[in-house]
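K.L.:
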C-alpha cells in the first residue's frame with residue numbers, strides 16, 4: 025500500500041471516529057480545551073510585544089535561561105541513571121512490592137513542591153538528617169547550584185520512572201527470556217533487548233522529565249534560594265520580576281513567553297521523534 029493511500033485511510037478513519045463521538049460530549053470537551061488554552065491566549069494578549077526582544081535578551085534573562093537549561097540537563101541525566109533501574113525493579117517486582125515502590129515514587133507528584141523543599145532542607149540543610157555530617161566535611165548543599173539540581177531531580181524523577189515502568193510492563197518479559205535462553209548475559213539482555221523495546225516510552229519520559237525540571241519552582245525556592253547567577257532559574261526570575269524588585273510586570277510576562285517557547289520546542293521535538301519512530 026502506498027503512503028498516499030495509507031494516509032487517506034487514516035484520514036477517513038479519523039473522520040469516522042469523530043462522527044461516532046456523542047454530541048453531548050462536545051460541550052465539556054470544548055470547555056476543557058478552553059481551560060487549557062485561554063490562559064495562554066490571555067498572556068499573549070497582555071504582552072507588550074514591542075518590549076519583548078529587549079526583555080528576553082536582557083543579561084538577567086539569558087543568565088536565568090542558561091542556568092535553567094544547564095541544571096535541567098544535569099538533572100535529567102541523573103534521573104535517567106537512577107530512574108531506569110528503579111523502573112525496571114518496579115516492573116519486575118512482586119505486586120505488593122511494586123505497589124509500595126510505585127507509591128513512594130509518585131509521592132512527589134501529589135505533594136506541593138514547597139513540601140518537597142522543606143523535606144530536602146530537613147535532609148540536607150543545616151541541622152538536617154545529613155546536614156551536620158556534610159557541614160563537618162566542609163560541604164554545603166542548600167542555596168547552591170547543586171541544590172537546584174537536587175530539587176529538580178526530586179520533582180522530575182517520577183515522570184521518567186512512571187513512563188519507563190509502563191513501557192517495561194507493556195513490553196513484557198518474553199523477548200528477555202528468549203535472549204537469556206540463547207546464552208545472553210543479564211547486562212546484554214538489558215542493553216540489546218530491554219532498552220530498545222522500551223525506547224519510545226523512555227524517550228517520552230526523559231522529555232517530560234526535562235520539561236518538569238525546567239519549570240521547577242517551589243522546591244528550588246525553599247531549598248536553593250533565589251541568588252542571581254547561582255540559583256535563580258527562569259521560574260524564579262519570572263517570580264522576581266512579577267513581584268517587584270523595580271521590574272515591570274511586562275518583563276515577567278515576556279520571560280513567561282520565553283519559557284513557554286522553550287517548553288513547546290521540547291514537546292515538539294518529542295512528537296517529531298515519536299512520529300519518526302512509528303514510521
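In this note's numbering, the protein residues as written are 25 to 303.
Where is the CB? At the ideal position from N, CA and C, for every residue including glycine.
1. Is it right to say residue 217 is buried, meaning 16 or more other beta carbons lie within 10 angstroms of its own, or is it exposed?
2. Compare the C-alpha of residue 123 against each of 151, 189, 241 and name the closest.
3. Output the distance between the C-alpha atoms of residue 207 and residue 198, rounded to the nearest integer angstrom.
4. Just to confirm, are residue 244 and residue 255 a CB contact at a threshold of 8 Å?
5. Check residue 164 in the structure and name its three-state DSSP category.
6. Are there 16 or more other CB atoms within 10 angstroms of the CB of residue 293, so buried, or fewer, so exposed?
7. Thinking C-alpha only, which one of 191, 176, 201 is nearest residue 95?
8. State the Cα-Cα distance for the pair residue 171 and residue 55, rounded to the nearest angstrom.
9. Just to confirm the assignment, what range does the alpha helix (DSSP H) spanning residue 130 have?
10. Between the stretch 231 to 244 and the stretch 82 to 97, do at least 3 Cβ pairs fall closer than 8 Å?
11. As a quick exercise: from 169, 159, 160, 174, pick the residue whose alpha carbon is nearest that of residue 141.
12. Count the other C-beta atoms from every protein chain shown that fall within 10 angstroms of the C-beta of residue 251, then say buried if there are 16 or more, exposed otherwise.
13. How would you label residue 302, buried or exposed, when you count the other beta carbons within 10 angstroms and need 16 or more for buried?
14. Can at least three beta-carbon pairs, one atom from the stretch 136 to 154 and one from the stretch 62 to 77, be found at a separation below 8 Å?
15. Kindly indicate which three-state DSSP category residue 109 falls into: helix, strand or coil?
16. Keeping to the same chain, check which residues put their C-beta closer than 7 Å to that of residue 132; ignore five residues upstream and five downstream.
17. According to DSSP, simplified to helix, strand and coil, what is residue 302?
18. Between which two residues does the alpha helix (DSSP H) containing residue 246 stretch?
19. Determine the direct distance from the alpha carbon of residue 156 to that of residue 164, and round the result to whole angstroms.
20. Going along the chain, which residues of its own chain have a beta-carbon closer than 7 Å to the beta-carbon of residue 104, five neighbours each way excluded?
21. Reducing DSSP to helix, strand and coil, say where residue 146 ends up.
22. Use the C-beta contact count for residue 85: other C-beta atoms within 10 angstroms, 16 or more gives buried, fewer gives exposed.
23. Output the boundary residues of the alpha helix (DSSP H) element that contains residue 253.
P.N.:
Per the coordinate set shown:
1. buried
2. 189
3. 15 Å
4. yes
5. coil
6. exposed
7. 176
8. 40 Å
9. 119 to 134
10. yes
11. 174
12. exposed
13. Bear in mind that a pLDDT of 47 at residue 302, under 50, signals an unreliable position, so the number given afterwards is only what the model happens to contain. Classification for residue 302: exposed.
14. no
15. helix
16. 140, 178, 179, 182
17. Model confidence at residue 302 stands at a pLDDT of 47, short of 50, so the residue's coordinates are unreliable and nothing is read from them.
18. 242 to 247
19. 10 Å
20. 184, 230
21. helix
22. buried
23. First-last for residue 253: undefined, no H or E at that position.
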